[in-house]
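Student: Got a structure for you, written out below as structure tokens; questions coming shortly.
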Amino acid sequence: WVRMVTAQTPTNIAVIKYWGKRDETLILPVNDSISVTLDPAHLCTTTTVAVSPSFDQDRMWLNGKEISLSGGRYQNCLREIRARACEVEDKEKGIKIAKKDWEKLHLHVASYNNFPTAAGLASSAAGFACLVFALAKLMNAKEDNSELSAIARQGSGSACRSLFGGFVKWIMGKAEDGSDSLAVQLVDEKHWDELVIIIAVVSSRQKETSSTTGMRDSVETSLLLQHRAKEVVPKRIKQMEEAIKNRDFGSFAQLSCADSNQFHAVCLDTCPTIFYMNDTSHRIISCVEKWNCSEGMPQVAYTFDAGPNAVLIAHDRNAATQLMQKLLFCFPPSSDADLNSYVIGDKSI
Ligand code: DP6
Numbered sequence: 006w007v008r009m010v011t012a013q014t015p016t017n018i019a020v021i022k023y024w025g026k027r028d029e030t031l032i033l034p035v036n037d038s039i040s041v042t043l044d045p046a047h048l049c050t051t052t053t054v055a056v057s058p059s060f061d062q063d064r065m066w067l068n069g070k071e072i073s074l075s076g077g078r079y080q081n082c083l084r085e086i087r088a089r090a091c092e093v094e095d096k097e098k099g100i101k102i103a104k105k106d107w108e109k110l111h112l113h114v115a116s117y118n119n120f121p122t123a124a125g126l127a128s129s130a131a132g133f134a135c136l137v138f139a140l141a142k143l144m145n146a147k148e149d150n151s152e153l154s155a156i157a158r159q160g161s162g163s164a165c166r167s168l169f170g171g172f173v174k175w176i177m178g179k180a181e182d183g184s185d186s187l188a189v190q191l192v193d194e195k196h197w198d199e200l201v202i203i204i205a206v207v208s209s210r211q212k213e214t215s216s217t218t219g220m221r222d223s224v225e226t227s228l229l230l231q232h233r234a235k236e237v238v239p240k241r242i243k244q245m246e247e248a249i250k251n252r253d254f255g256s257f258a259q260l261s262c263a264d265s266n267q268f269h270a271v272c273l274d275t276c277p278t279i280f281y282m283n284d285t286s287h288r289i290i291s292c293v294e295k296w297n298c299s300e301g302m303p304q305v306a307y308t309f310d311a312g313p314n315a316v317l318i319a320h321d322r323n324a325a326t327q328l329m330q331k332l333l334f335c336f337p338p339s340s341d342a343d344l345n346s347y348v349i350g351d352k353s354i
């Protein structure tokens, strides 16, 4: 027999960034962060997990290619979920798995991303969140999504925020064992559903410096990172929570843009210096800032993760349409800027 579970998890985009760990093994951050989860119909990971007595080892395929599960991050997630596995009974198929059997049984995992892997589009976030969620269902683990988020966190920090829709906060926690470093939902996806998220794919190439290496270097060398984690982010988190609660787009946009810029300033302040944005990214920022200034009121927020792609959050559908026109004007299809655009949340634009 084979028992299978399939899950789908969207990626999330941080508007107050996580950058820097205080514990590299448990993946504990130096500050809280806040993200928005994308529509599951767009950028997402689909993962099928299967268990069978005929499997002789744990194996995983990512986008159809077998990858090694020997890395600490996968092993940590598998171990934590196995420890929470419960009895499963499927009378129709005649399957009964006792709690103690899970230790001996092996797993097969097949995972697909419908977007470029490791191009700064938070693929590890959706990937580990989906893996942990699917395994929890397969093994009948009783943990709620916040408890599961603390396991997904051990796969990739940002993954803990993909267990919920809407706006999500990753609380950094204080405990040394990481038990209080988990995600909570601030508001669900209906709370602010007029926002339209556009991802301008500047390049789908793999990034040069992984987030993991980049943030390690920043923790070791950037004084700005220490100031940011201690002085700046705690205040911004409170202001961002207020802005989200009140659907105050002016404050939301100002905080998101400032936080993205400070994260990239930390990258510049790191030794060796990290450049994630490129000239096209900078031109997109100018284009958005000029437009926001000319309107006297922000219409669009921008944020960039560990890559050159822009995530643009428009106030509403009308602002998103105008933004698309501006982007097409600044980057005509013949332009050599290597910019394709995906429209998330509203296919018709
Ligand atoms: C810039 O979660 O990919 O996207 O925990 O080492 O796997 P690891 O890093 P990762 O870092 C994400 C960094 C970011 C900001 C964010 O998502 O908050």
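Once you know that position 60 of the sequence shown is 65 in UniProt numbering, the rest is easy, because the numbers rise by one and skip nothing. Ideal placement from N, C-alpha and C gives every residue a C-beta, glycine not left out. Keep in mind it's a predicted model, so treat the numbers as computed, not measured.
Considering only the beta carbon of each residue, do A205 and L332 sit closer than 8 Å?
Tutor: Yes, the Cβ-Cβ distance between A205 and L332 is below 8 Å.
Student: Within the present structure, is the beta-carbon of D310 separated from the nearest heavy atom of ligand 1 by less than 7 Å?
Tutor: True, at least one ligand heavy atom lies under 7 Å from that Cβ.
Student: DSSP beta-bridge partners for M282?
Tutor: Answer is none; M282 lacks a bridge partner.
Student: A258 to A306, Cα distance in whole Å?
Tutor: Taking the straight line from one Cα to the other gives about 5 Å.
Student: Within this structure, are the beta carbons of I86 and V316 separated by less than 8 Å?
Tutor: Against a cut-off of 8 Å, the Cβ pair of V316 and I86 comes out as no contact.
Student: Please classify G99: is it buried, with 16 or more other beta-carbons within 10 angstroms of its beta-carbon, or exposed?
Tutor: It is exposed - the Cβ of G99 has fewer than 16 other Cβ atoms within 10 Å.
Student: Output the distance between the C-alpha atoms of W197 and E247, rounded to the nearest integer angstrom.
Tutor: Cα to Cα, the separation comes out at about 13 Å.
Student: Can you tell me whether I318 sits near ligand 1, meaning its C-beta is under 7 Å from at least one heavy atom of the ligand?
Tutor: I318: no, Cβ never under 7 Å from ligand 1.
Student: Can the beta-carbon of I249 be found closer than 8 Å to that of V192?
Tutor: Taking 8 Å as the Cβ cut-off, I249 and V192 qualify as a contacting pair.
Student: Could you say which of M144, R78 and G170 lies nearest to T11 if we only look at CA atoms?
Tutor: Here the closest residue by C-alpha is M144.
Student: Leaving out the 5 sequence neighbours to the left and right, which residues in its chain are closer than 8 Å to F60 when beta-carbon positions are compared?
Tutor: Here the set comprises L110, H111, L112 and H113.
Student: On the three-pair Cβ rule with 8 Å, is the stretch 52-59 touching the stretch 180-191?
Tutor: These segments do not touch.
Student: Could you work out which residue in S163, F120, R8 and Y79 is closest to I102 when comparing CA atoms only?
Tutor: Per the Cα distances, R8.
Student: Would you give the residue range spanned by the alpha helix (DSSP H) that S40 belongs to?
Tutor: No alpha helix (DSSP H) contains S40, which is instead part of the beta strand (DSSP E) from S38 to T42.
Student: Would you kindly check if the distance between the Cβ of I289 and the Cβ of I202 is under 8 Å?
Tutor: For I202 and I289, no; Cβs fall outside 8 Å.
Student: Does the contact criterion of 3 or more C-beta pairs under 8 Å hold for the stretch 78-92 versus the stretch 33-41?
Tutor: These segments do not touch.
Student: Considering Cα atoms alone, identify which of A155, G255, G170 and P277 is closest to E294.
Tutor: Comparing Cα positions, the closest option is G255.
Student: Hey, how far is the Cα of Y79 from the Cα of G160?
Tutor: So the alpha carbons of these two residues sit roughly 6 Å apart.
Student: Nearer than 7 Å: is that true of the beta carbon of T217 relative to any heavy atom of ligand 1?
Tutor: Result yes, Cβ under 7 Å from ligand 1.
Student: Can you give me the Cβ contacts of D185 inside the same chain, cut-off strictly under 8 Å, excluding the 5 residues immediately before and after it?
Tutor: These residues qualify, in order along the chain: I176, G178 and K179.
Student: Since S256 is in the alpha helix (DSSP H), which residue starts that stretch and which ends it?
Tutor: From DSSP, the alpha helix (DSSP H) with S256 extends over F254 to L273.
Student: Using the DSSP secondary-structure output, state which residues sit across from C49 in a beta bridge.
Tutor: According to DSSP, which records beta bridges pairwise, C49 is partnered with P15.
Student: Can you grab the Cα-Cα spacing for the pair E148 / I156, in whole Å?
Tutor: Roughly 10 Å separates the two Cα atoms.
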